[in-house]
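Visitor: Dropping the structure in here first, questions after.
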Amino acid sequence: MIDLAVSVDAPGWSALGPDFADEDALAAAIEPLVEATVAAGAGPGVAIEPGRPAELSIVFADDATVQRLNRDYRGKDAPTNVLSFALTEAEEPVVFESGGPAAPLVLGDVVLALETVLAEAERDRKAPADHARHLVVHGILHLLGHDHMTDDEAEAMERVETAVLARFGIADPYSDPPA
Numbered sequence: 016m017i018d019l020a021v022s023v024d025a026p027g028w029s030a031l032g033p034d035f036a037d038e039d040a041l042a043a044a045i046e047p048l049v050e051a052t053v054a055a056g057a058g059p060g061v062a063i064e065p066g067r068p069a070e071l072s073i074v075f076a077d078d079a080t081v082q083r084l085n086r087d088y089r090g091k092d093a094p095t096n097v098l099s100f101a102l103t104e105a106e107e108p109v110v111f112e113s114g115g116p117a118a119p120l121v122l123g124d125v126v127l128a129l130e131t132v133l134a135e136a137e138r139d140r141k142a143p144a145d146h147a148r149h150l151v152v153h154g155i156l157h158l159l160g161h162d163h164m165t166d167d168e169a170e171a172m173e174r175v176e177t178a179v180l181a182r183f184g185i186a187d188p189y190s191d192p193p194a
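So, in structure tokens, the structure goes:
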């Protein structure tokens, strides 16, 4: 079970459709996607006890917010499409176990940048709502220890992303855009 906190911190997200109309609609629309992504499994260096409840937040922000976070936490003074702030990162594999009733595991936060999401969707000829959903999956996979620093890591992460998105009728985000 996932305890999902969704906040819409920038105007304009509602333009992506009725699923993005407000925080309640957005939370209801993406909760199955979030559950499927977490169920897809942790990446290298992270193991989550099966059935353990988890918490995460997703913030639908703007480029200015993401640029500030990117500058302050990553030393990159530019917006990006999605940032993930994982609370499960470690040098050695981490196994989260409970000694009794499972306390929720706080995975971290995912923050999306509206203007960048819209620009990328237009550039790649993708539905903006589908691109935002892809970035939610991408961000959560980072929370779960997946990365794309090497070609092998990128291919593994992309396989998980594509499989999760396909369950929701969303086309492979890594395929060539239609002509």
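Our numbering puts the last residue of the sequence shown at 194; the count rises by one with no breaks. Here a beta-carbon is modelled for each residue, glycine too, at the ideal position from N, C-alpha and C. All values reported here derive from a predicted model rather than from experimental measurement.
Would you mind working out which of Gly58, Ala171, Arg148 and Glu176 sits nearest Val126, comparing C-alpha positions?
Guide: Numbered from 1 along the sequence shown, position 111 holds the residue referred to as residue 126. Taking only the C-alpha atoms, the option nearest Val126 is Arg148.
Visitor: Taking the alpha helix (DSSP H) that Ala79 belongs to, which residues open and close that run?
Guide: Locating residue 79 in the sequence shown gives position 64, counting from the first residue. Run containing Ala79: Asp78 to Arg89, per the alpha helix (DSSP H) assignment.
Visitor: What's the gap between the Cα of Ala144 and the Cα of Gly32?
Guide: For this step, residue 144 is matched to residue 129 along the sequence shown. For this step, residue 32 is matched to residue 17 along the sequence shown. Cα to Cα, the separation comes out at about 7 Å.
Visitor: If we define contact as Cβ-Cβ less than 8 Å, is Ala79 a contact residue for chain C?
Guide: Of the chains in the structure shown, none is chain C; there is only one protein chain.
Visitor: Looking at Asp18 and Pro65, is the spacing between their C-beta atoms short of 8 Å?
Guide: Against the sequence shown, residue 65 aligns to sequence position 50. Against the sequence shown, residue 18 aligns to sequence position 3. Not in contact: Pro65 and Asp18 (Cβ atoms no closer than 8 Å).
Visitor: Going straight from the alpha carbon of Ala118 to that of Lys141, what length do you get?
Guide: Numbered from 1 along the sequence shown, position 103 holds the residue referred to as residue 118. Numbered from 1 along the sequence shown, position 126 holds the residue referred to as residue 141. Looking at the two C-alpha atoms, the distance is approximately 39 Å.
Visitor: Anyone know if the C-beta pair for Ser99 and Ala20 falls short of 8 Å?
Guide: Residue numbering aside, residue 99 sits at position 84 when the sequence shown is read from its first letter. Residue numbering aside, residue 20 sits at position 5 when the sequence shown is read from its first letter. Not closer than 8 Å, so no.
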